[in-house]
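Undergrad: Below: one structure in structure tokens.
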Amino acid sequence: MNRLRSLETFARAGWLARGIVYCLLAYIALSSAGAADASPQGVFRSVRDMPGGSVLLILLAIGLALYGAYRLYGAALDSEGKGDDAKGIAIRLGYAASGIAHFVLAWAAVRLASGNADGGGREKEAAGMMLDMPLGGTLLGVIGLGFLAAAAHQAVKAWTTEFMKGVAPEAPAWVVPVGRAGLAARAVVFAVIGYSLVRAGWFGTAGEVKGLGDALSALTEHAALYTLVAAGLFLFGIHSLVEARWRRIRDEDVVARLRAAAR
Numbered sequence: 042m043n044r045l046r047s048l049e050t051f052a053r054a055g056w057l058a059r060g061i062v063y064c065l066l067a068y069i070a071l072s073s074a075g076a077a078d079a080s081p082q083g084v085f086r087s088v089r090d091m092p093g094g095s096v097l098l099i100l101l102a103i104g105l106a107l108y109g110a111y112r113l114y115g116a117a118l119d120s121e122g123k124g125d126d127a128k129g130i131a132i133r134l135g136y137a138a139s140g141i142a143h144f145v146l147a148w149a150a151v152r153l154a155s156g157n158a159d160g161g162g163r164e165k166e167a168a169g170m171m172l173d174m175p176l177g178g179t180l181l182g183v184i185g186l187g188f189l190a191a192a193a194h195q196a197v198k199a200w201t202t203e204f205m206k207g208v209a210p211e212a213p214a215w216v217v218p219v220g221r222a223g224l225a226a227r228a229v230v231f232a233v234i235g236y237s238l239v240r241a242g243w244f245g246t247a248g249e250v251k252g253l254g255d256a257l258s259a260l261t262e263h264a265a266l267y268t269l270v271a272a273g274l275f276l277f278g279i280h281s282l283v284e285a286r287w288r289r290i291r292d293e294d295v296v297a298r299l300r301a302a303a304r
């Protein structure tokens with residue numbers, strides 16, 4: 042049970058940090074209409090400029106890193122019971138990609154808080170470095186497939202309201218439409234990121250790799266879609282805060298799996 046409580050604590054801290062980041066990112070995106078600051082790095086710079094911003098950034102980084110650990114742990118031990126069939130493995134690959142992405146975000150926040158920040162573009166630089174490694178292109182493409190799998194999973198959850206399965210019954214009714222809209226928007230963004238990573242890995246186009254901000258900017262040619270996705274990302278931030286408050290992962294199946302993994 043101690044392991045389960047730790048897992049739940051990691052998840053709650055991560056959902057809280059993720060909710061803050063997405064709400065701020067969406068606010069910047071909607072108020073700047075595709076400006077370069079509509080990215081996690083832009084959010085971190087905005088937080089840094091607040092009173093006590095460096096401390097707030099470190100707290101955000103801790104939350105994002107805890108969520109990354111939660112996702113990687115869940116992918117490795119199948120803490121959500123997705124199974125070992127093709128569908129389950131695809132979902133768990135998505136969880137792993139999400140975990141890696143949140144660790145990268147946490148590191149970016151720490152760098153900014155310590156005064157070693159950059160102006161963005163780290164995704165393309167990292168992709169270029171990976172392409173220079175043996176089998177780096179294959180690995181980058183696999184990460185891209187993980188993001189595409191995550192996008193598909195987000196879309197399915199939005200359509201089926203599967204995300205409500207772990208939410209406490211006392212949660213208000215509005216969490217359903219908010220969650221559906223937020224997950225649908227995130228599915229679009231993840232699909233753009235995943236496609237760019239697959240192209241980079243398997244066709245050597247590192248310059249086309251897109252981070253979250255770039256994926257949003259790619260939609261600016263379609264103003265209505267951009268606005269819908271940006272607003273949806275704000276709702277995804279609210280959905281993350283809902284999960285921090287009302288999500289429960291303590292069911293008997295999870296307990297049994299964790300006990301089996303501990304043996």
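When you line the sequence shown up against my numbering, it's residues 42 to 304, in that order.
Heads up, the beta-carbon is just placed ideally off N, CA and C, and yes, glycines get one too.
Small disclaimer: the values here were computed from a predicted structure and weren't measured.
Do you know how far the Cα of GLY187 is from the Cα of TYR136?
TA: For TYR136 and GLY187, the distance between alpha carbons rounds to 8 Å.
Undergrad: Over what stretch of residues does the alpha helix (DSSP H) that includes GLY124 continue unbroken?
TA: It is not in any alpha helix (DSSP H) - GLY124 carries neither H nor E in the DSSP assignment.
Undergrad: Tell me, which residues are paired with ARG288 by DSSP?
TA: Answer is VAL208.
Undergrad: Mind the definition here: the region 107 to 115 touches the region 140 to 153 only if three or more C-beta pairs lie below 8 Å; say whether that holds.
TA: Yes, they touch.
Undergrad: Should ALA117 be labelled buried (16 or more other beta-carbon atoms within 10 Å of its own) or exposed?
TA: Exposed, by the Cβ-count rule.
Undergrad: Could you have a look at GLU203 and say whether DSSP puts it in helix, strand or coil?
TA: If DSSP states are grouped into helix, strand and coil, GLU203 belongs with the helices.
Undergrad: Considering only the beta carbon of each residue, do ALA228 and ILE184 sit closer than 8 Å?
TA: Contact: no.
Undergrad: Going straight from the alpha carbon of TYR267 to that of ALA226, what length do you get?
TA: So the alpha carbons of these two residues sit roughly 10 Å apart.
Undergrad: Count the other CB atoms, across all protein chains shown, that sit within 10 Å of the CB of ALA58; report buried if there are 16 or more and exposed otherwise.
TA: By the 10 Å Cβ count, ALA58 comes out buried.
Undergrad: Any idea if PRO81 is buried or exposed, counting beta-carbon neighbours within 10 angstroms, 16 or more meaning buried?
TA: Per the 10 Å Cβ criterion, buried.
Undergrad: Could you give the distance in angstroms between the alpha-carbon of VAL283 and the alpha-carbon of VAL270?
TA: Distance between the alpha carbons of VAL283 and VAL270 is about 19 Å.
Undergrad: Whose C-alpha, out of VAL88, VAL217, ASP119, is nearest the C-alpha of PHE277?
TA: Nearest option by C-alpha distance: VAL217.
Undergrad: Buried or exposed, going by whether 16 or more other CB atoms sit within 10 Å of the CB of SER72?
TA: With fewer than 16 other Cβ atoms within 10 Å, it is exposed.
Undergrad: Taking only the alpha-carbon atoms, compute the straight-line gap between VAL219 and GLY178 and give it to the nearest angstrom.
TA: Cα to Cα, the separation comes out at about 37 Å.
Undergrad: Comparing alpha-carbon positions, which option in THR202, LYS128, ILE130, ILE103 lies nearest ALA149?
TA: Nearest C-alpha to ALA149: ILE103.
Undergrad: For the alpha helix (DSSP H) holding TRP243, just list the boundary residues, first then last.
TA: That run of the alpha helix (DSSP H) goes 216 to 244.
Undergrad: Helix, strand or coil for PRO92 per DSSP?
TA: PRO92: coil per DSSP, three-state reduction.
Undergrad: Which residues in the same chain have their Cβ closer than 8 Å to the Cβ of PHE51, if we skip the five residues on either side of it in sequence?
TA: Same-chain partners within the cutoff: LEU107, TYR108, ALA110, TYR111, TYR114.
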